[in-house]
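Have a look at the structure below before the remarks.
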Amino acid sequence: MSLKTVLILLGLALATIFALVCVLLTRERSPRTCQHLPPEQEDVEDDQSLVFADLTPEEMSQVVRYLQGHLGVPLVDASRAKPSDNCIAWVDLQVPAKAEVLRFLDGAGARPPREALAVLYFGKQPEPNITEYVVGPLPVPAYHRDVTVHKYGGKVPYHRRPVTGREYAEINALVQRELKKAPRFLAACCDSDGTDLVILTTAPRGFKSGDRVTWFVLFHNVAGTGYYLSPVGLEVLVDHGDLHVSRWQLRQVFYNGQYFASTEELEQNFVANVLEVVRLKQPQADAVLGSMKPRHPPGPPGPLQFEPQGPRYSIRNNRVTFQGWSIAFGMNPNTGPRLFDIRYRGERIVYELSLQEALALYGSNCPGGMSTRYLDGSFGIGRFAYELVQGLDCPYTATYVDRHYLAESDTPKTNQKSLCVFEHDPAVPLRRHFSDSQSFYYGGLRKNTLVIRTISTLINYDYIWDFMFHGNGAVEVRVHATGYISSSFFHGRGTDYGNRVGPHTLGTIHLHHIHYKVDLDVDGQLNSLETQDMEYEFVKDPWSTQNTIERPYLRRERLEKEDEAAFPLNAPMPRYLSFVSPNPNKWEHPRSYRIQIISFAGKHLPTSSSMERSISWGRYQVAVTRRKEEEPTSTSIYNQNDPWTPTVAFADFINNETITNEDLVAWITVGFLHVPHAEDIPNTVTVGNGVGFFLRPYNYFNEDPSVDSSDSVYFSSEQDLGACGANPLACMSSATTCAPHLPPFHFGGFLNL
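Just so you know, we're using UniProt numbering here: the sequence shown kicks off at 1 and counts up by one.
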């Protein structure tokens, strides 16, 4: 081997060693750059938020065992219970009284006893009724007390109970038996023997208190797609009010604009050739209206957000903290998401922020559609919040949390990963300025936001519930509606009630109205309500008295009574509406939080309607009342099946009490009118179908609190902009080396249906 060759090999060896050293050094530095940093901790005791925590499955089971052994009556599992049985309908946390909780959180008070609220249907009694018990203390119950009369002024009539899954199964069996009485008609109208038709409930159920008579709409069922878009024109009215299922009856039949007393009469008219039949073919899976199956193969993946050094928020038990925010979260099986003890920089801003109700009110020229006023709380907004799809419903790297409930069963159930928490960058600055005069600099801050999200599937519609916490101390609440529209069979003057979206499908006009409870505590519990708006005044120019100028000025007003603070839906209201503290900020203005509503609500049901009082919260876009323990919610799940004598009527909350320096609650309605159109097929999109409100600091601070954010960016024309230490944006290239190892995709949401 020549000397030249040896030197060449030696040089290559040295180069290889140098390269390996560089790689090793890089790898040694990389973990320090990408290592997960512990999120900042807030000044809240780790277990204090447990006072608001949802019941655990073990606690639910303990309550069930206690009730089974201490009520002295036989209890049937609700999943099997007949209307004539006694059963446990549902169990949830009994939230302690606010005064008791605040003594514990803020003072030296004892931890309130942990209790459950258990709702029982007593069908096997001389006077069937609904009874509510508080059971405690948990985890080992030793007492129960009947709170029904205290809450509602008397026993709750049995007919007001929500319809159970067992009842729906019995109704479906009854409808199937009745359909067998019209075989030739079904073969002609629907290319069916009836077994492949599905029923969809409407609500409420009748015209007066005590009624339990429901229209059910029939649809073609095609596996893997939404049947809601395939009505066959047939609807049936079922009386299911009797305690004995054997006495339930089909009262009326509707088909293509005509009414009949029974399916036998329908068949007779068909055989006699006096019935106009629209002959439908069985829809095919590859061409059915509303299929969501992809029409093209997958394309390249879209953008992915990730945290280079791990999540900057922290979740412990039922509390999440993030850059000054602290929030206790939970889920009511009926009314859905609820947040408590929302603090920013250690100060409580909101004691309770909770969803109350979601109304969907329809119009149609078919009986099912025209009579539908769904109050989704009675169906279970929280209970039907299923597992979220990783990477679509929430970011792939979000934190997913299980939720547990006990409803219509003696066994607790778990909706895995049904709530998600994530930090979101919407790619718009929270604030920024580019200076192009006097001195040249740029200053800005990204609008990084903490999001708590859950999604409820309520028959055909999917509601996306978002609670967002911004770096400037603002809270944003938003709901998006998606899923399938509900439809009617297109006939006659159907387009008076919507748009035709298929050969025989009418997308029916409807409104979505959503109600929230916001118990603001702005710099303490005692607040007042102030409005601000602009007016013009015409004045002579001080420097030119022969001329006038139109000068805007600020009109401030303190509202003294509840009646003044009830702002009708869709009526003009002051542009600034604030909860104000008696304490001033540095500039001698009352520390305040402003309510700002983003809504496109439809018209409220006329007050002359016999059922309007059951949804009287919808009269107002905002109503502010004094907080009372005996007014915990604006509605009741029992209102759905007896709206004519509502168990809770929100209108009664407004009785002109003083609201100056009191503990106040804002009740907020948001919503939109939806006239379905061709682009709602296959699904309603979220674009343009989002409404909500903000809670914004207004003189609460002495300056924008986000100035203290470590995410702030500032550089001038005189700086080295590429220096990572001075400019965080210059660190982005190294941050991309910290892309996370994503776990394999998994979804178990079909397992618990």
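Heads up, the beta-carbon is just placed ideally off N, CA and C, and yes, glycines get one too.
Since the structure is predicted, the reported quantities are computational estimates derived from the model, not experimental observations.
Based on the DSSP secondary-structure assignment, which residues constitute the bridge partners of residue i?
i      : result
Met468 : Val451, Glu476
Asn527 : Glu662
Thr414 : His404
Ile342 : Val350
Cys87  : Tyr121
Ser61  : Note: Ser61 sits in no beta bridge, so no partner.
Cys420 : Tyr400, Arg453
His515 : Glu357, Thr669
Pro590 : Pro584
Just verifying my parser: in three-state terms, what is the DSSP assignment at residue i?
i           : result
Asn269      : helix
Gln596      : strand
Pro367      : helix
Asp211      : coil
Ser609      : coil
Tyr638      : helix
Thr56       : coil
Val95       : coil
Thr495      : helix
Gly69       : helix
Glu264      : helix
Phe104      : helix
Trp617      : helix
Glu28       : With a pLDDT of only 35 at Glu28, under 50, the local geometry of the prediction cannot be trusted, and no value is derived from it.
Phe653      : helix
Leu361      : strand
residue 755 : Since the first and last residues shown for the chain are 1 and 753, residue 755 lies out of range.
Cys22       : Low confidence applies here, because Cys22 scores a pLDDT of 45, under 50, leaving its location unreliable; read the following figure in that light. DSSP places Cys22 in helix when its eight states are reduced to three.
Gly382      : coil
Tyr374      : strand
Gln252      : strand
Gln48       : helix
Trp667      : strand
Tyr484      : coil
Among the options, which has the Cα closest to the Cα of residue i?
i           : options                        : result
Gln719      : Ser439, Gly524, Ile681         : Ser439
Thr397      : Phe469, Arg312, Ser610         : Arg312
Gly336      : Gly368, Tyr405, Glu347, Pro367 : Tyr405
Leu229      : Pro503, Val245, Asp541, Leu511 : Pro503
Leu304      : Gly233, Glu423, Gln356         : Glu423
Ser733      : Gly722, Gln356, Ser616         : Gly722
Arg161      : Pro112, Asn86, Gln282          : Asn86
Asp533      : His491, Ala360, Asn641, Arg556 : Arg556
Met331      : Glu657, Asp47, Thr414, His144  : Thr414
Trp248      : Gly290, Leu392, Tyr168, Pro308 : Tyr168
Val505      : Ser488, Asp519, His512         : Per the sequence presented here, residue 505 reads as Thr, with Val not at that position. Nearest C-alpha to Thr505: Ser488.
Gly324      : Val175, Val73, Trp617, Phe469  : Phe469
Pro429      : Asp663, Val713, Gln258         : Val713
residue 760 : Val64, Ala566, Val522, Asp680  : Coverage of the chain is limited to positions 1 through 753, which leaves residue 760 absent and any answer about it impossible.
Gly79       : Pro705, Tyr362, Tyr66, Glu170  : Looking at the sequence provided, one finds Ser at residue 79 rather than Gly. Of the candidates Pro705, Tyr362, Tyr66, Glu170, the one whose C-alpha sits nearest the C-alpha of Ser79 is Glu170.
His604      : Asn570, Ala666, Leu520         : Asn570
Between residue i and residue j, what straight-line distance do the alpha-carbon atoms span, to the nearest angstrom?
i      : j      : result
Gln68  : Tyr133 : 13 Å
Val707 : Gly473 : 11 Å
Ala735 : Ser709 : 19 Å
Tyr121 : His515 : 27 Å
Thr508 : Thr531 : 38 Å
Ser409 : Arg177 : 27 Å
Asn334 : Arg619 : 22 Å
Tyr152 : Ser486 : 34 Å
Ser262 : Gln252 : 6 Å
Thr281 : Gly494 : Looking at the sequence itself, residue 281 is Lys, so the reference to Thr does not match. Near 21 Å, if we compare the C-alpha coordinates of Gly494 and Lys281.
Glu58  : Asp211 : 38 Å
Arg432 : Pro412 : 50 Å
Asp711 : Cys724 : 13 Å
Leu102 : Pro297 : 56 Å
Thr737 : Asn448 : 21 Å
Ala89  : Gly690 : 33 Å
Ser246 : Val238 : 13 Å
Arg626 : Phe694 : 21 Å
His512 : Thr635 : 16 Å
Gly380 : Gln356 : 11 Å
Gly483 : Thr684 : 6 Å
- Taking the runs of the beta strand (DSSP E) that are 3 residues or longer, which of them lie wholly in the stretch 124-206? 129-136, 143-146, 197-201
- Every unbroken alpha helix (DSSP H) inside the stretch 692-745 [4 residues or more]: 732-735
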